[in-house]
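Numbering (our numbering), first residue to last: -8 to 692.
The following block contains the structure:
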């Protein structure tokens, strides 16, 4: 209770923790001489102390206060350790202060740093009356304010840490130096201290590390199914293996190290491999984790399901092949109820079965068409009495169908009557025009195969010596037109040719090859270009809006077929659009000559081709183009052919590249194998075939 103290040459201390460590802290001595005491803080411990009676303590505090009161100096009662305070002790201490005149009480907690400054500022105000009076706040209210202040400062500090620290490799000394100028760091350290600031930093770094590990884990787990698919795609290999044996099997695979890495230390997330982002191989010990085990089981289940689905597809195909209800052309809707069961629906979508059914139907239809074509060949005598234009009447078609009607091969196409009739018409066309282009075997035609074989096995001399090109005087012309227009014009042009299909242009003889097309140009039989026919130009005929539409669609389809091919010949093929007569003359369907001409001119402009109409030709409507027009068109195509320097090969005149001698090559019509003339000469003379003819008939070479 002394009001004057003397403590010469002694050090001031801020904390008892500094005792014995004076050299590690700032050394500040007490002033020389006597120190006057201006006031007193009377501290009362309100926590529950061991072996201590609070009532005894309060008596001691009362006696002490009586001594302090004699000094006439201000006194403030400070209740300490209120964070562990006993409510009765706090109440008794307040009661003690109320019994004294103007004795103020401040509830504090040094551990929580609550109201410590308030205790000193309250005493200072009592010493210096000129200062404003401090408002005394109860402990719990002050604690709430303190908590809110600390929480706000913590949020700001954590934001600062997250903005500065982006890697889990950062160290506290470097980061703390960066953050020292920031008020967020200063405020939090002032309230909570450096150790708590460091603790929050370490928590943030640990969180960054865990996030990094989790990202790597996701990368590895995403790659694991691909690794399993590549290393163990066969269910029989792993279906009955234990996990340990399955892992040994993986290690034995040749490509194991392409997908996995075996680390010397484990677990993988505690090694440096986790930071090697350039190495995406899966740590082998990752397979021991629950997530990897689930992926392995999912791989097994996927393989089992794939096998089951494959079995369902196979069973469905077998069901199709054995079912008497599946016939060529039968729609899926009609056949579904006869061939589907619950197991099929359980394992695969209906669209999968529809796709299988569609492919099976295609095979059935192709096979039925081949059988029907054989049937037509067997009944060839039915078609010999038709007119030369190969257009059977309804009565004749009825006779043909009546004769063939009892044949099973005829009935097989009952649901495809339109295609069956088309096959009959195509066969009739072949009977009267037996060429490679009209052959029912299409690309398998022996004539075409012979030319392909010769063209692929022997070297031509065209490019070295253009003068020997036997094809320079040949014109290959496509005539495009539906409803008989192409055939009619082809016949008219042939009538102008000599007996050996030669045509005179400007006094010079040219070999003229015509290819009339009236059907779908995407079919091989109607293609503009074949292995033996490369067109030099195309005459496009129309006499109605419908036939004009057919021409446009056919040209577009033909050009589409050349996309992506090395030769762009068809895309640049010279075209001539011609308006020809309508059968019977006059207008049809409201179409006038003028409207057809306008439509033709628009299409010609779109296709960038020549347009001919009756007026420009100098002929009346109702007649086809005349011989002069035909000659002009052919001359234009010949000029275009020369400008493009097209070289089109043919088999006549083929020469050996070594000695120039004529080559003699024979292809067996039975087996299709090529042989040299010397090898086949004796069998020809002896009429010995490569193999017997089918059905015991006459052998054919």
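A virtual CB, placed ideally from N, CA and C, is assigned to each residue, including glycine.
Given the structure is predicted, the values throughout are model-derived calculations rather than measurements.
Could you tell me how far apart the beta carbons of residue i and residue j are, in whole angstroms, since I believe they sit closer than 8 Å?
i           : j           : result
residue 200 : residue 159 : 4 Å
residue 219 : residue 283 : Wrong, their Cβ atoms sit about 10 Å apart, outside the cutoff.
residue 481 : residue 505 : 5 Å
residue 299 : residue 338 : 6 Å
residue 20  : residue -4  : Actually they are not in contact, since the Cβ atoms of residue 20 and residue -4 sit about 14 Å apart, beyond 8 Å.
residue 222 : residue 244 : 5 Å
In the DSSP assignment, find the unbroken beta strand (DSSP E) run with residue i in it and report its ends.
i           : result
residue 127 : First-last for residue 127: undefined, no H or E at that position.
residue 467 : 465 to 471
residue 504 : 499 to 508
residue 95  : 95 to 98
residue 493 : 493 to 496
residue 71  : 66 to 71
residue 164 : Element bounds for residue 164: not the beta strand (DSSP E) but the alpha helix (DSSP H), 163 to 170.
residue 396 : Segment: none, residue 396 is in no beta strand (DSSP E) and carries neither H nor E.
residue -3  : -5 to -3
residue 56  : Premise fails: residue 56 lies in the alpha helix (DSSP H), 45 to 60, not in any beta strand (DSSP E).
residue 25  : 25 to 27
Report buried or exposed for residue i, applying the criterion of at least 16 other Cβ atoms within 10 angstroms of its Cβ.
i           : result
residue 305 : exposed
residue 450 : Residue confidence for residue 450 is low, a pLDDT of 47 falling below 50, so the modelled location carries little weight; the figure read from the coordinates is stated next. Exposed, because fewer than 16 other Cβ atoms sit within 10 Å of the Cβ of residue 450.
residue 89  : exposed
residue 529 : buried
residue 171 : exposed
residue 258 : exposed
residue 360 : buried
residue 525 : buried
residue 6   : exposed
residue 534 : buried
residue 4   : exposed
residue 85  : exposed
residue 113 : buried
residue 354 : exposed
residue 617 : exposed
residue 72  : buried
residue 352 : buried
residue 228 : exposed
Alpha carbon to alpha carbon, how far is residue j from residue i? Give it in angstroms, no decimals.
i           : j           : result
residue 550 : residue 531 : 15 Å
residue 62  : residue -8  : 8 Å
residue 277 : residue 237 : 14 Å
residue 588 : residue 350 : 45 Å
residue 12  : residue 205 : 46 Å
residue 335 : residue 303 : 6 Å
residue 421 : residue 384 : 17 Å
residue -1  : residue 18  : 14 Å
residue 484 : residue 444 : 32 Å
residue 121 : residue 40  : 39 Å
residue 187 : residue 109 : 24 Å
residue 55  : residue 28  : 16 Å
residue 697 : residue 545 : Residue 697 is absent from the structure shown; the chain starts at -8 and stops at 692.
residue 93  : residue 103 : 27 Å
residue 217 : residue 341 : 28 Å
residue 254 : residue 154 : 34 Å
residue 310 : residue 468 : 50 Å
residue 567 : residue 491 : 25 Å
residue 260 : residue 70  : 52 Å
residue 9   : residue 107 : 20 Å
residue 48  : residue 80  : 10 Å
residue 203 : residue 297 : 36 Å
Which residues mark the beginning and the end of the alpha helix (DSSP H) in which residue i is found?
i           : result
residue 216 : 185 to 222
residue 408 : 408 to 423
residue 31  : From DSSP, residue 31 is part of no alpha helix (DSSP H) but of the beta strand (DSSP E) over 31 to 36.
residue 602 : No alpha helix (DSSP H) holds residue 602; the beta strand (DSSP E) holding it covers 601 to 603.
residue 313 : 281 to 313
residue 113 : 107 to 118
residue 694 : Residue 694 is absent from the structure shown; the chain starts at -8 and stops at 692.
residue 528 : Looking at the DSSP string, residue 528 is not in any alpha helix (DSSP H); the run it does join, the beta strand (DSSP E), is 528 to 533.
residue 487 : 476 to 487
Is the segment 532 to 541 touching the segment 469 to 483, taking contact as three or more C-beta pairs under 8 Å?
yes
Quick check: the segment 283 to 293 against the segment 311 to 325, are at least 3 beta-carbon pairs closer than 8 Å?
no
Is it the case that the segment 171 to 191 contacts the segment 140 to 149, given that we only count it when at least three CB pairs across the two stretches are under 8 Å?
yes
Do the segment 121 to 137 and the segment 93 to 105 make contact, defined as three or more Cβ pairs closer than 8 Å?
yes
Contact between the segment 66 to 84 and the segment 31 to 47: three or more CB pairs below 8 Å?
yes
Do the segment 485 to 497 and the segment 616 to 626 make contact, defined as three or more Cβ pairs closer than 8 Å?
yes
Do the segment 424 to 439 and the segment 387 to 403 meet, that is, are 3 or more Cβ pairs less than 8 Å apart?
no
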